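This report concerns only the one structure given below.
Number of protein chains: 6
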Amino acid sequence: MNVVVRNILRAEAQLIEALGRLGVATVHEAQGRIGLMQPYLRPIYPGARVAGSAVTVQGHPGDNWMIHVAAEVVKAGDVLVVAVSSENTDGMFGELLATSLRARGARGLVIDAGCRDVREITEMGFPVWSRAVSAKGTVKATVGAVNVPVVAGGVNVVPGDVIVADDDGVVVVPRRKAAAVAQAGLEREKKEAATRQRLAAGELGLDIYGMRKQLAEKGLKYIDGPVDWPSSDIEGA
Amino acid sequence: MNVVVRNILRAEAQLIEALGRLGVATVHEAQGRIGLMQPYLRPIYPGARVAGSAVTVQGHPGDNWMIHVAAEVVKAGDVLVVAVSSENTDGMFGELLATSLRARGARGLVIDAGCRDVREITEMGFPVWSRAVSAKGTVKATVGAVNVPVVAGGVNVVPGDVIVADDDGVVVVPRRKAAAVAQAGLEREKKEAATRQRLAAGELGLDIYGMRKQLAEKGLKYIDGPVDWPSSDIEGA
Amino acid sequence: MNVVVRNILRAEAQLIEALGRLGVATVHEAQGRIGLMQPYLRPIYPGARVAGSAVTVQGHPGDNWMIHVAAEVVKAGDVLVVAVSSENTDGMFGELLATSLRARGARGLVIDAGCRDVREITEMGFPVWSRAVSAKGTVKATVGAVNVPVVAGGVNVVPGDVIVADDDGVVVVPRRKAAAVAQAGLEREKKEAATRQRLAAGELGLDIYGMRKQLAEKGLKYIDGPVDWPSSDIEGA
Amino acid sequence: MNVVVRNILRAEAQLIEALGRLGVATVHEAQGRIGLMQPYLRPIYPGARVAGSAVTVQGHPGDNWMIHVAAEVVKAGDVLVVAVSSENTDGMFGELLATSLRARGARGLVIDAGCRDVREITEMGFPVWSRAVSAKGTVKATVGAVNVPVVAGGVNVVPGDVIVADDDGVVVVPRRKAAAVAQAGLEREKKEAATRQRLAAGELGLDIYGMRKQLAEKGLKYIDGPVDWPSSDIEGA
Amino acid sequence: MNVVVRNILRAEAQLIEALGRLGVATVHEAQGRIGLMQPYLRPIYPGARVAGSAVTVQGHPGDNWMIHVAAEVVKAGDVLVVAVSSENTDGMFGELLATSLRARGARGLVIDAGCRDVREITEMGFPVWSRAVSAKGTVKATVGAVNVPVVAGGVNVVPGDVIVADDDGVVVVPRRKAAAVAQAGLEREKKEAATRQRLAAGELGLDIYGMRKQLAEKGLKYIDGPVDWPSSDIEGA
Amino acid sequence: MNVVVRNILRAEAQLIEALGRLGVATVHEAQGRIGLMQPYLRPIYPGARVAGSAVTVQGHPGDNWMIHVAAEVVKAGDVLVVAVSSENTDGMFGELLATSLRARGARGLVIDAGCRDVREITEMGFPVWSRAVSAKGTVKATVGAVNVPVVAGGVNVVPGDVIVADDDGVVVVPRRKAAAVAQAGLEREKKEAATRQRLAAGELGLDIYGMRKQLAEKGLKYIDGPVDWPSSDIEGA
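Residue numbers (the working numbering), protein chains in the order written: chain A, 8 to 244; chain B, 8 to 244; chain C, 8 to 244; chain D, 8 to 244; chain E, 8 to 244; chain F, 8 to 244.
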């Protein structure tokens, strides 16, 4: 399985842009609450935001060789997704690789391992989501794979899937579903705009969403109170 | 226990303000080093700061139904405290709920689970302390309780307790102790101001606090040195 | 072992400055990828940066007595390194101690435990790397040691070692190796500048570092693709 | 709050025995899925099992002084519950304390910190649930409290509550609810016995619990398959 | 995606048996060091061992509904693999479900969440690998899927893949590769038997595997010593 | 620093035996509560126990090459201590290496990474303490060092230090202190035997250790009670 697939199928650029505008939380809901990477993947700086086609990398702990290999097959608009064969926080990605990826057209990186040179990469404005920040250097000793399906952040990522990432995390949209999810997301956004206005005016979700009857059926009871809960202090006993 | 208590007893507004001005570290010390939530509860943006009366929510993993229920009983100046029945990082709280809570008068939120839409909530300036940032959506399936005692961040929170939160974390002050703690905190602050000046002038804590004798009694010994500690390199052996 | 060593040997000031300018990632590589503290040690504010001579403190969980003791032996340009005898996140270090250390000439602190008053310490611009932020107060009950070798962040630190810390973490350079590491770091930096230009121009690491032959020998194969990876949806099957 | 309450109210012995026979999983369900300590509390040997009245201890990290104090107020049939003011794994409890507690009538211990001498305590057959096994020694420097409400394993424990612990963990039953929970548990057990027989005969939970209609309403669909899911190998593409 | 696929393709029984006899470590090596679930998945009792065809379950935190659904489609020789949509330790699987699964022919269970009733399930000899032991009860509120690809323990599992699990963990072999991996495993076993004899006789891996030349080329140097490493005590300085 | 030191200085065999008989908890106390490795290092089977001279290995994540190198310099009575340059759980040690080490005279292994083949190694009775159990295979690509000081489990280990390990964990005794620690341990053991008898007879630690006066001075107060602590149920309010 030590292969590099040079060419991949990508979603249409306008769908990718649309998904990126919707953001992670909306896209995740729009595709049925699946595809979200685990929350330990965090942006290296606040406000980082990206959408692009996944170029996948299967690497090994403490070894960043395959990222160099991936740099050759990246196309404009891609986002690298790096998986590692066992849990590892070593700083597999730094400013030189960021320079190279940007020069080759990549828009950002999601790495299930560590990132270093975070000050420089932040200054470059190259968005990275990583498991850790670590200066720990790595070797170039073991080959892996590029552009094969990988599991990163607990999600199976197929090359060409759409990656959307922002302050809320990273979500993966299967390429074939990009159009349907973008459409569902736009509708959701429209609906939420209306709800937002009503909530801002002080109306309650209980009423907007019609929850009161179901809550009562499930056994929720109201009492007026106040209950004079004793504090746990000995004085309050 | 699936109950909602509509009314709770709250501490006096001026005591809450006083505790908020003192900040978490001073309040925690002033009440005898108890009541501090575990440090995994972090603000979603630097500089977040709040003090208010606890409206408590007992929820379940992956289910944010009870936060909608709580929005109805919130009064101006309250802080929602959300506990979950088992460890969970799902994004139970987002921008729509923040809009609703703010419209109802809430000042902030402490949630022993995940928060999403952090960019939007940060722009709103609505302070949130959470265990994680996660876009993971939740269901509305299981009823819990509102305004009953809950354990959040390892601390038992009684409805109406005063919540003080800032960059240093979250501390809980029992309602009946608010006055005493505020008083003790002010005294502590005054005393620290004097100490600060002496420390800034280069005086040592050893002398200000009179520690030298006790250190000697406990067996601390001074040697002049320098000791030429060998480095752990083979060359240094 | 409850001793305080008053005087320690330090590296030359200009070497310390040189190492500080190189930064953590370069220094770590320059000394052969060793000496890096574990990545859970994070700066309390972005952009924190320091280089100095290690004054070491061996403390105990929930007890910050020895930091007061250390304040007396600190000299201008030192960085305190605090180790604790078992894993602990209590806020052993706050704004008063920061005031004292700064007054005595210390440049910063690395603490394998918690830090509090982070807003105030950030405003002071006193750089701190810690395992956690926590307001949890501590006692002054058990003596430890100052200026003996300690293990912090998984690294053995000898008093007088050079500590370099920035956004990427904390690295320890043995005093006797400071000159050699600084020299190697400068050379590395020069070499990287040349590489950076080539990468920025779109040249590949594969070619710059001459990796292609070795990759082929290790069995890496290229296929053109595109492979029409099925998505994991039932529809895509 | 540095108090020791000598006498506490306990549940009736026969209720405690009944709850112990039911075991943790049944008791937890019978009281409405609340009161379970977090799963990091594990028995130090397989098969450990206990039920008794909670004598509570509020201690501090690295300090076991209050366990000695508690030994005096323990009565036959009690279970010590030790909470610590911040997360800590030090070995606060060992074979000497186990000997003392047993001599005073205690049946077991739940400690939200570490335990040591596990071989000896296992040989004694004294059941202990702890967060960690650690030989790390502790001091006797800071006073806490005995028989006040404490939070251990994420649950608020009031002195005299019934503690039930076995291989599945630790559950806390409020003293006043002991009779109701025991009754509900016995009924649950009876019902489960009937269900068990049907399941063992190959009948499905889907039919026994009548789930099919609700699953369909929630949108679950069946397809016959087989789907020839491609493996993720390049060969299988 | 809320579907249940009733029929799946399975590997040949004799291949499954062969893989089971080889064990996790050998199978993992034989298929090129891939497919191993993360090490937090542990057997609930020592010596647990299983091999079978994966029937997959996609569930949600705190909700075990889909395991009941899966019980209907299980065939003799299957192993259930349960994934959850976000990290969760609730006790989704207990003795009643184990009774049902066994009655329907299942050989074991791998669950990326919690297991309860571990004493009873151990007595049944029904092997379970789980992320945690927890009595925390679950609801039946949200539908998921059965027999679709899922990510469990960091590995993508396709229905019908061969699951091999023992004290060393859990490994997944794609159905189409079962024959090739079994063959490679048998060869590896044979080779290891010969190596074992030589190692047991005191021969060195350095010589058996011919490592000396490559080590020298990579720069490994030998010195005779002994080096009188000073201890880190002040006395030893 | 890629060196192998062939010969090391060892403590006298009878001191090592004496320390082993005392066990980890007693030795740790006897040398002043220092030198204990972090509690995540656990034996792979209950009852594992060893004492020997440390032969140290500095390795890298996912790479076990240096253990093969160390096998050559091991002498009868040694215990291998393996450190890794960044946190890693890969199964660097298995049954073949155990066979080799045993044949060369090693008594056991402490590894700050993963162990595999635990069933086979348990049957061999070769004691291993590890951070994890994992079948994850490793490569042989990067050279490290043998018999240089390493940090494992948070403790600096110098070659020839005495390693004592049992169910309570792993403690390191500097070679030069072995005699003093063994002596202190024996005295401690004698003293504890007397204390044990008194505690078993029901005497209290409070009296045996004379703690009552100091507790009162520190402010501990007794109240008779019983306090009728309200339960946190709404019914009990």
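Heads up, the beta-carbon is just placed ideally off N, CA and C, and yes, glycines get one too.
These figures come from a predicted structure and were not determined experimentally.
1) Taking methionine 218 of chain A as the query, report the chain B residues whose CB atoms sit under 9 Å from its CB, ordered along the chain.
2) Return the CA-CA distance between glutamate 196 of chain F and arginine 219 of chain E, expressed in angstroms with no decimal places.
3) Quick one: what does DSSP say alanine 105 of chain D is sitting in, helix, strand or coil?
4) Of all the residues that make up the region 156–167 of chain B, which are near chain D by a beta-carbon distance shorter than 8 Å?
5) Among F:Ala152, F:Ala200, F:Arg183, F:Val178, which has the Cα closest to the Cα of asparagine 71 of chain F?
6) Looking only at C-alpha atoms, which of B:Ile215, B:Ile118, B:Glu127 sits nearest to aspartate 174 of chain A?
7) Mind listing, in chain order, the continuous alpha helix (DSSP H) runs of no fewer than 4 residues lying wholly within the region 188–229 of chain E?
8) Rounded to whole angstroms, what is the Cα-Cα separation between asparagine 9 of chain F and valine 155 of chain F?
9) Mark glutamate 19 of chain B as exposed unless 16 or more other C-beta atoms lie within 10 angstroms of its C-beta, in which case mark it buried.
10) Could you pull the start and end residues of the alpha helix (DSSP H) that leucine 26 of chain A belongs to?
11) Using a C-beta cutoff of 8 Å, does threonine 96 of chain B count as contacting chain E?
12) Start and end of the beta strand (DSSP E) containing isoleucine 128 of chain E?
13) At a CB distance below 8 Å, what residues from the region 126–151 of chain B approach chain E? Give them in sequence order.
14) Nearest chain F C-beta to glycine 115 of chain C closer than 8 Å, yes or no?
15) Under the assumption that glutamate 36 of chain A contacts glycine 121 of chain B (Cβ atoms under 8 Å), give the Cβ distance between them as a whole number of angstroms.
16) Does any residue of chain E have a CB that is nearer than 8 Å to the CB of glycine 39 of chain A?
17) Leaving out five residues before and five after arginine 114 of chain D in sequence, what residues of the same chain have Cβ atoms less than 7 Å from its Cβ?
18) For the beta strand (DSSP E) holding alanine 139 of chain C, just list the boundary residues, first then last.
19) Taking 8 Å as the threshold (beta carbon to beta carbon), is methionine 99 of chain F in contact with chain C?
20) For the candidate residues E:Ala191, E:Ser137, E:Val179, whose alpha-carbon lies nearest to that of glutamate 94 of chain E?
21) In terms of alpha-carbon separation, which member of F:Gly209, F:Val146, F:Ala201, F:Pro134 lies closest to isoleucine 170 of chain F?
22) Using the Cβ count rule (16 or more neighbours within 10 Å means buried), how would you classify glutamine 45 of chain A?
23) For the beta strand (DSSP E) that contains alanine 117 of chain B, what are its first and last residues?
24) With a threshold of 8 Å between beta-carbons, can glycine 69 of chain A be considered close to chain F, or not?
25) Which word fits glutamine 247 of chain F, buried or exposed, when buried means at least 16 other C-beta atoms lie within 10 angstroms of its C-beta?
26) One question on the structure: do leucine 48 of chain B and alanine 189 of chain B come within less than 8 Å of each other, judged by their Cβ atoms?
27) Is the region 92–110 of chain F touching the region 72–79 of chain F in the sense that three or more CB pairs, one from each, lie closer than 8 Å?
28) Enumerated in chain order, which unbroken segments of the alpha helix (DSSP H) with a length of 4 residues or greater are wholly contained in the region 26–90 of chain A?
29) Does any residue of chain B bring its CB to less than 8 Å from the CB of alanine 191 of chain A?
30) With distance defined between alpha-carbon atoms, name the residue in E:Gly69, E:Leu108, E:Ala148 nearest to leucine 206 of chain D.
31) With H, G and I counted as helix, E and B as strand and the rest as coil, what does DSSP make of alanine 148 of chain D?
32) Determine, for aspartate 175 of chain F, whether the minimum Cβ-Cβ distance to residues of chain D falls below 8 Å.
33) With a threshold of 8 Å on Cβ separation, who are the neighbours of alanine 55 of chain B within its own chain once the five nearest residues in sequence on each side are excluded?
34) Can you list, in chain order, the residues of its chain whose CB lies under 8 Å from that of glycine 112 of chain C, leaving out five sequence neighbours each side?
35) Within 8 Å (strictly less), CB to CB, does leucine 16 of chain D reach chain F?
In brief:
1) Trp72, His75, Val76, Lys147, listed in chain order.
2) Glutamate 196 of chain F and arginine 219 of chain E have their C-alpha atoms some 48 Å from each other.
3) Alanine 105 of chain D: helix per DSSP, three-state reduction.
4) Of all residues in the region 156–167 of chain B, only Pro156, Val158, Gly161, Val162, Asn163 place a beta-carbon less than 8 Å from a beta-carbon of chain D.
5) The residue with the shortest Cα to Cα distance from asparagine 71 of chain F is F:Ala152.
6) The shortest Cα separation from aspartate 174 of chain A among B:Ile215, B:Ile118, B:Glu127 belongs to B:Glu127.
7) For the region 188–229 of chain E, whole alpha helix (DSSP H) runs of length 4 or above, ordered along the chain, are 212–215, 219–224.
8) Note on geometry: alpha-carbon atoms of asparagine 9 of chain F and valine 155 of chain F lie some 10 Å from one another.
9) Label assigned to glutamate 19 of chain B: exposed.
10) Segment 20–29, the alpha helix (DSSP H) holding leucine 26 of chain A.
11) Nearest CB-CB separation between threonine 96 of chain B and chain E: below the 8 Å threshold.
12) Segment 125–131 is the alpha helix (DSSP H) holding isoleucine 128 of chain E; no beta strand (DSSP E) there.
13) Those would be Ser141, Lys143, Val146, Ala148, Thr149, in chain order.
14) Cβ-Cβ to chain F under 8 Å: no for glycine 115 of chain C.
15) Not quite, the Cβ-Cβ distance comes to about 14 Å (not below 8 Å), so this is no contact.
16) Residue contact with chain E for glycine 39 of chain A: present (Cβ-Cβ distance below 8 Å to some residue of chain E).
17) Correct list, in chain order: Val57, Gly59, Gly84, Asp85, Val86.
18) For alanine 139 of chain C, the enclosing beta strand (DSSP E) begins and ends at 135–140.
19) No, methionine 99 of chain F does not count as interfacial toward chain C.
20) Considering only alpha carbons, the answer is E:Ser137.
21) With distances taken between Cα atoms, isoleucine 170 of chain F lies closest to F:Pro134.
22) Residue environment analysis places glutamine 45 of chain A among the buried positions, since at least 16 neighbouring C-beta atoms fall within 10 angstroms of its C-beta.
23) The sequence given here places valine at residue 117 of chain B; alanine does not occur at that position. Looking at the DSSP string, the run of the beta strand (DSSP E) that includes valine 117 of chain B is 115–122.
24) Closer than 8 Å: yes.
25) Shown here, chain F extends from 8 to 244; a query on residue 247 of chain F therefore has no answer.
26) Against a cut-off of 8 Å, the Cβ pair of alanine 189 of chain B and leucine 48 of chain B comes out as no contact.
27) Contact between the region 72–79 of chain F and the region 92–110 of chain F is established, with three or more Cβ pairs separated by less than 8 Å.
28) Inside the region 26–90 of chain A, DSSP marks whole alpha helix (DSSP H) runs of 4 or more residues at positions 31–37, 72–78, from first to last along the chain.
29) Alanine 191 of chain A does not count as touching chain B.
30) The option with the nearest alpha carbon to leucine 206 of chain D is E:Leu108.
31) Here alanine 148 of chain D carries a coil assignment [DSSP, helix/strand/coil].
32) Yes, aspartate 175 of chain F lies at the interface with chain D (some Cβ there is under 8 Å from its Cβ).
33) Annotation for alanine 55 of chain B: Gly115, Pro134, Val135, Trp136, Ala172, Asp173, Asp174 place their beta carbon closer than 8 Å to its own, counting only its chain and skipping 5 residues before and after.
34) The residues are Val81, Lys82, Ala83, Gly84, Asp85.
35) Flagged as an interface residue toward chain F: leucine 16 of chain D, by a C-beta distance shorter than 8 Å.
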